[in-house]
Amino acid sequence: MVITTHPTAKDAEFETLLDNTVADLQNKYKKDPKSFPSMTSEDLEFAMVEIKVVMGRGAGGAQDDDTPLEKLLRDFANLHGAKNEWSEKYGTDYEDDVVMMHTYCWCDEALCKWCGGDEPNFRYKPTGFEVTWYKYIGRDMKHRPISSEEVEEMRKKLL
Ligand SMILES: [Zn+2]
């Protein structure tokens, strides 16, 4: 099973197509594992890893290898997010005196601070630590280097 695309492909339609392809394959496998006769569990694991890369980091929400920072962002989003949004994956919109979180924005309005790149997706105000991501937490994340101690400090304050 080989599906190739660039991990940072930004074509939403293609992504949807790919998501559907992956879902199809998973359904087929669930219904009839024998239709993948040559696939050992090791192969399957490899295929899953490959799919994860193709879909972009964080496309399925939390991951086994989440960094402490990714885990903090997901836990924080879950704490403040609505039940019907997938906050663990997308983050949520929340702001108080200490912290601001904003989901990735697609509105494309001229004055939008998030589409214009003026505002990050996350800011911890006491230190000014900022994170931006593309579409969902973990994907193409940009932030200054941060120690595990500093992440732990934020965690204590925010959760
Ligand atoms: Zn916007």
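Number 187 marks the last residue of the sequence shown (our numbering); no jumps.
C-beta atoms are modelled at their ideal positions from N, C-alpha and C, and glycine is treated no differently.
Compare the Cα-Cα distances from residue i to each of the options and report the closest residue.
i, options, result
"Ala105", "Lys62, Glu177, Tyr132 and Val50", "Tyr132"
"Glu177", "Gly156, Gly166 and Leu97", "Leu97"
"Thr148", "Thr155, Pro154, Thr160 and Lys58", "Per the sequence presented here, residue 148 reads as Pro, with Thr not at that position. Residue Thr160 is the option with its Cα nearest to Pro148."
"Glu116", "Cys140, Val127 and Ala87", "Ala87"
"Glu113", "Leu186, Gly89, Met128 and Asp125", "Gly89"
"Thr155", "Asp146, Glu181, Ala138 and Leu139", "Glu181"
"Asp124", "Cys135, Trp134 and Lys153", "Lys153"
In chain order, what residues of the same chain lie with their CB nearer than 6 Å to the CB of residue i, ignoring the 5 residues before and after it?
i, result
"Tyr118", "Thr131 and Tyr164"
"Arg183", "Leu100"
"Tyr162", "Asp168"
"Arg85", "Gly166 and Arg167"
"Met128", "Arg151"
"Lys170", "Thr160"
"Arg172", "none"
Rounded C-beta distance between residue i and residue j? I'm assuming under 8 Å.
i, j, result
"Phe157", "Ile174", "6 Å"
Determine the contact status of residue i and residue j, defining contact as a CB-CB distance below 8 Å.
i, j, result
"Thr120", "His108", "yes"
"Lys56", "Val126", "no"
By Cβ distance below 8 Å, which residues in the same chain neighbour residue i in space, the five residues on each side in sequence not counted?
i, result
"Leu6", "Outside the modelled stretch of the chain, which goes from 29 to 187, sits residue 6, for which no answer is possible."
"Asn48", "none"
"Cys143", "Cys133, Trp134, Cys135, Asp136 and Glu137"
Exercise. Using the beta-carbon of each residue, find all residues closer than 7 Å to any heavy atom of ligand 1 and list them in chain order.
Key: Listed by chain position, these are Cys133, Trp134, Cys135, Asp136, Glu137, Cys140, Trp142 and Cys143.
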